[in-house]
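Trainee: Chains as they are written, first to last, in the working numbering: chain A, 2 to 211; chain B, 9 to 78. C-beta atoms are modelled at their ideal positions from N, C-alpha and C, and glycine is treated no differently.
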Amino acid sequence: MSGIETFVQRRSDKELVSATILEGMAATDLLVVENEWRAERSSVMQELLSAGVARPNWPESLHWDWSRKVPELQLLASTGFGIVCEKRWQGVMITKSAGYFTRLEPDKGKPLLYVDYLEVAPWNWVIPQINRDGLYKTVGSTLFWRAVQQSEEEGFHGRVGLHALPQAEPFYEKVCRMRPLGRDASKQNLLYFELTRQQAAGFLKMGESK
Amino acid sequence: MAAKKTMTLNLTDAEMAVLDELSEKKDLSKTAVLRQALRLYQMVNMRIDRGEKLFFEDEAKKEKAEVMVL
Chain A
2 MSGIETFVQR RSDKELVSAT ILEGMAATDL LVVENEWRAE RSSVMQELLS AGVARPNWPE
62 SLHWDWSRKV PELQLLASTG FGIVCEKRWQ GVMITKSAGY FTRLEPDKGK PLLYVDYLEV
122 APWNWVIPQI NRDGLYKTVG STLFWRAVQQ SEEEGFHGRV GLHALPQAEP FYEKVCRMRP
182 LGRDASKQNL LYFELTRQQA AGFLKMGESK
Chain B
9 MAAKKTMTLN LTDAEMAVLD ELSEKKDLSK TAVLRQALRL YQMVNMRIDR GEKLFFEDEA
69 KKEKAEVMVL
């Protein structure tokens with residue numbers, strides 16, 4: 002696996018902590034991720050139940066299981082990325098680099114990088130109802146930055162597309178500066194977002210100056 | 009990105025013309041077009057090996073045709 006050195010921000014003291022973005026995750030890596038995250042997911046679920054938090058307010062990826070996404074990695078078009086900090090996987094992403102095309106003009110019909118899955122570790126979730134502040138922030142935006150960079154490397158000029166879970170919609174619109182293009186009936190009615198090449202250039206520049 | 013190996017590719021004029029056209033249309037290098045083709049071919053083959061079928065659909069004409077992949 003190849004890696005890029007970066008930083009994530011510890012929420013408790015706002016200190017930047019050294020981290021590595023790894024590219025080319027293998028099946029065994031996803032199994033390790035699931036093994037590490039499963040226990041934390043269970044704790045979160047127990048706390049939500051105890052606090053009487055209504056199910057629509059639970060984290061929408063609480064049921065995700067990264068071990069079930071292992072077959073995805075057999076595809077040449079799929080790439081697995083992860084951020085490791087203090088010897089733990091802090092976030093994971095799987096991208097697709099074939100079969101997806103831009104809907105927005107002026108590049109309509111040209112290929113883009115599709116973010117199939119992106120999730121941060123459960124200990125990084127902010128859940129005020131159960132007093133969880135999250136350990137590190139900027140994990141999701143750093144992974145998204147890597148997706149934009151991969152799009153550049155593939156010759157897609159930074160174009161990125163994805164379907165967002167409802168709780169993640171504000172993140173992709175405000176933090177990642179993507180454009181919402183309507184709900185997609187073929188994809189559980191999730192909101193589809195795209196980042197144009199112009200928006201990508203701005204996003205990458207912002208990442209470099211961090 | 010992963011390490012890459014170089015190969016020589018022999019194409020006919022017609023094949024090269026199509027590669028040029030796709031490269032222009034998709035705003036990709038010729039290498040990137042061929043890489044896309046390989047990824048899609050593998051994806052389609054894996055799904056067909058799993059017993060799935062590939063179709064082209066024309067919604068306007070209400071036509072649907074199965075694509076046979078070799």
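In whole angstroms, what is the alpha-carbon distance linking Ala40 (chain B) and Lys12 (chain B)?
Mentor: The residue labelled residue 40 (chain B) in the question sits at position 32 within the second sequence. The residue labelled residue 12 (chain B) in the question sits at position 4 within the second sequence. Whole-angstrom Cα-Cα distance: 13 angstroms.
Trainee: Buried or exposed: where does Val72 (chain A) fall if 16 or more other Cβ atoms within 10 Å of its Cβ makes it buried?
Mentor: In the first sequence, counting from the first residue as 1, residue 72 (chain A) sits at position 71. Checking the displayed sequence, the identity of residue 72 (chain A) turns out to be Pro instead of Val. Looking at its Cβ environment, which holds fewer than 16 other Cβ atoms inside 10 Å, Pro72 (chain A) is exposed.
Trainee: Name the two residues that bound the continuous alpha helix (DSSP H) containing Lys33 (chain B).
Mentor: As a working mapping, residue 33 (chain B) is identified with position 25 in the second sequence. First-last of the alpha helix (DSSP H) with Lys33 (chain B): Asp21 to Lys34.
Trainee: Name the two residues that bound the continuous beta strand (DSSP E) containing Ala20 (chain A).
Mentor: Working through the first sequence from its first residue, we reach residue 20 (chain A) at position 19. That run of the beta strand (DSSP E) goes Leu17 to Glu24.
Trainee: To the nearest whole angstrom, what separates the beta carbons of Gly83 (chain A) and Val93 (chain A), a pair I think is in contact under 8 angstroms?
Mentor: The count along the first sequence starts at 1 and reaches residue 83 (chain A) at position 82. The count along the first sequence starts at 1 and reaches residue 93 (chain A) at position 92. Between Val93 (chain A) and Gly83 (chain A) the Cβ distance is about 5 angstroms, and since that is below 8 angstroms, they are a contact.
Trainee: Examine the ligand COA and report whether any of its heavy atoms sits within less than 8 angstroms of the Cβ of Glu65 (chain B).
Mentor: As far as ligands go, the structure on display features none, and thus does not contain the ligand COA.
Trainee: Quick check on Trp124 (chain A): does DSSP put it in helix, strand or coil?
Mentor: Counted from its first residue, the first sequence places residue 124 (chain A) at position 123. Reduced to three states, the DSSP call for Trp124 (chain A) is helix.
Trainee: So, with DSSP's three-state summary, where would you put Ser13 (chain A)?
Mentor: The sequence position of residue 13 (chain A) within the first sequence is 12, counting from 1. Ser13 (chain A) falls in the coil class under three-state DSSP.
Trainee: Hey, could you find the ends of the beta strand (DSSP E) Arg58 (chain B) is sitting in?
Mentor: Residue 58 (chain B) sits at position 50 when you count from the first residue of the second sequence. For Arg58 (chain B), no beta strand (DSSP E) run applies, since DSSP gives it neither H nor E.
Trainee: Could you check whether Leu182 (chain A) and Pro167 (chain A) sit closer than 9 angstroms to each other, using their CB atoms as the reference points?
Mentor: Residue numbering aside, residue 167 (chain A) sits at position 166 when the first sequence is read from its first letter. Residue numbering aside, residue 182 (chain A) sits at position 181 when the first sequence is read from its first letter. Not in contact: Pro167 (chain A) and Leu182 (chain A) (Cβ atoms no closer than 9 angstroms).
Trainee: Just to make sure I have the definition right: I need the residues of chain A whose C-beta is within less than 7 angstroms of the C-beta of Ala40 (chain B). Which are they?
Mentor: Sequence index remark: in the second sequence, residue 40 (chain B) carries index 32 (1-based). Going along chain A in sequence order, the residues near Ala40 (chain B) (Cβ under 7 angstroms) are Glu155 and Gly156.
Trainee: Taking Cβ-Cβ distances shorter than 7 angstroms, what residues in chain B pair up with Pro107 (chain A)?
Mentor: The residue you call residue 107 (chain A) lines up with position 106 of the first sequence. Residues of chain B passing the Cβ test: none, with the nearest at roughly 10 angstroms.
Trainee: Under 9 angstroms between C-beta atoms, does Asp28 (chain B) make it to chain A?
Mentor: Stepping through the second sequence from its first residue, residue 28 (chain B) is reached at position 20. For Asp28 (chain B), the answer is no, since every Cβ of chain A falls outside 9 angstroms of its Cβ.
Trainee: With a floor of 4 residues, list each alpha helix (DSSP H) that falls wholly inside the segment 50-132 of chain A, ordered by position along the chain.
Mentor: none
Trainee: Cβ of Arg42 (chain A) within 9 angstroms of Cβ of Leu136 (chain A)?
Mentor: Taking the first sequence and counting its residues from 1, one reaches residue 42 (chain A) at position 41. Taking the first sequence and counting its residues from 1, one reaches residue 136 (chain A) at position 135. No, the Cβ-Cβ distance between Arg42 (chain A) and Leu136 (chain A) is not below 9 angstroms.
Trainee: Below 8 angstroms between beta carbons is the criterion; list the residues of the segment 67-98 of chain A that meet it against any residue of chain B, in chain order.
Mentor: Those residues of the segment 67-98 of chain A that come within reach of chain B (Cβ to Cβ, closer than 8 angstroms) are Gln75, Leu76, Leu77, Ala78 and Ser98.
Trainee: To the nearest angstrom, report how far apart Glu60 (chain B) and Val18 (chain A) are at their CA atoms.
Mentor: Position 52 of the second sequence, counted from the first residue, corresponds to residue 60 (chain B). Position 17 of the first sequence, counted from the first residue, corresponds to residue 18 (chain A). In a straight line, the C-alpha of Glu60 (chain B) is about 46 angstroms away from that of Val18 (chain A).
Trainee: For the candidate residues A:Gly159, A:Lys175, A:Gly141 and A:Cys177, whose alpha-carbon lies nearest to that of Phe8 (chain A)?
Mentor: In the first sequence, residue 8 (chain A) corresponds to position 7, counting from 1. Checked all of A:Gly159, A:Lys175, A:Gly141 and A:Cys177; the closest Cα to Phe8 (chain A) is A:Gly141.
Trainee: Using only the alpha-carbon positions, how far apart do Arg55 (chain B) and Leu74 (chain A) sit?
Mentor: Counting from one through the second sequence, the residue named residue 55 (chain B) turns up at place 47. Counting from one through the first sequence, the residue named residue 74 (chain A) turns up at place 73. Their Cα atoms are separated by approximately 14 angstroms.
Trainee: Would you tell me roughly how many angstroms separate the C-alpha atoms of Met76 (chain B) and Leu48 (chain B), rounded to the nearest one?
Mentor: Locating residue 76 (chain B) in the second sequence gives position 68, counting from the first residue. Locating residue 48 (chain B) in the second sequence gives position 40, counting from the first residue. Each residue's alpha carbon lies about 14 angstroms from the other.
Trainee: Say whether chain B places a C-beta atom closer than 9 angstroms to the C-beta of Lys111 (chain A).
Mentor: Numbered from its first residue, the first sequence carries residue 111 (chain A) at position 110. Yes, because at least one Cβ of chain B sits closer than 9 angstroms to the Cβ of Lys111 (chain A).
Trainee: Can you have a look at Pro112 (chain A) and say buried or exposed, based on whether 16 or more other CB atoms are within 10 angstroms of its CB?
Mentor: Taking the first residue of the first sequence as 1, we reach residue 112 (chain A) at position 111. Counting Cβ neighbours within 10 Å, Pro112 (chain A) comes out buried, since at least 16 surround it.
Trainee: Roughly how many angstroms separate the alpha carbons of Glu24 (chain A) and Trp124 (chain A), rounded to a whole number?
Mentor: Here residue 24 (chain A) refers to the residue found at position 23 when the first sequence is read from its first residue. Here residue 124 (chain A) refers to the residue found at position 123 when the first sequence is read from its first residue. Distance between the alpha carbons of Glu24 (chain A) and Trp124 (chain A) is about 22 angstroms.
Trainee: Measuring only between beta-carbons, confirm whether Asp35 (chain B) sits less than 9 angstroms from chain A.
Mentor: Here residue 35 (chain B) refers to the residue found at position 27 of the second sequence. Chain A contact via Cβ: present.
Trainee: Using three-state DSSP, classify Thr14 (chain B) as helix, strand or coil.
Mentor: Residue numbering aside, residue 14 (chain B) sits at position 6 when the second sequence is read from its first letter. If DSSP states are grouped into helix, strand and coil, Thr14 (chain B) belongs with coil.
Trainee: What span of residues does the alpha helix (DSSP H) with Leu144 (chain A) cover, start to end?
Mentor: In the first sequence, the residue the question calls residue 144 (chain A) occupies position 143. Bounds of the alpha helix (DSSP H) holding Leu144 (chain A) are Val140 to Glu154.
Trainee: Which residue comes first and which comes last in the beta strand (DSSP E) that contains Gly159 (chain A)?
Mentor: The count along the first sequence starts at 1 and reaches residue 159 (chain A) at position 158. Neither: Gly159 (chain A) is in no beta strand (DSSP E) and is coded neither H nor E.
Trainee: Within 10 angstroms of the Cβ of Val116 (chain A), are there 16 or more other Cβ atoms? Answer buried if so, exposed if not.
Mentor: Position 115 of the first sequence, counting from 1, holds the residue named residue 116 (chain A). Around the C-beta of Val116 (chain A), 16 or more other C-beta atoms lie within 10 Å, and the residue is accordingly described as buried.
Trainee: Mind checking if Gly100 (chain A) is an interface residue toward chain B, Cβ cutoff 9 angstroms exclusive?
Mentor: Taking the first residue of the first sequence as 1, we reach residue 100 (chain A) at position 99. It does: the Cβ of Gly100 (chain A) has a partner Cβ on chain B nearer than 9 angstroms.
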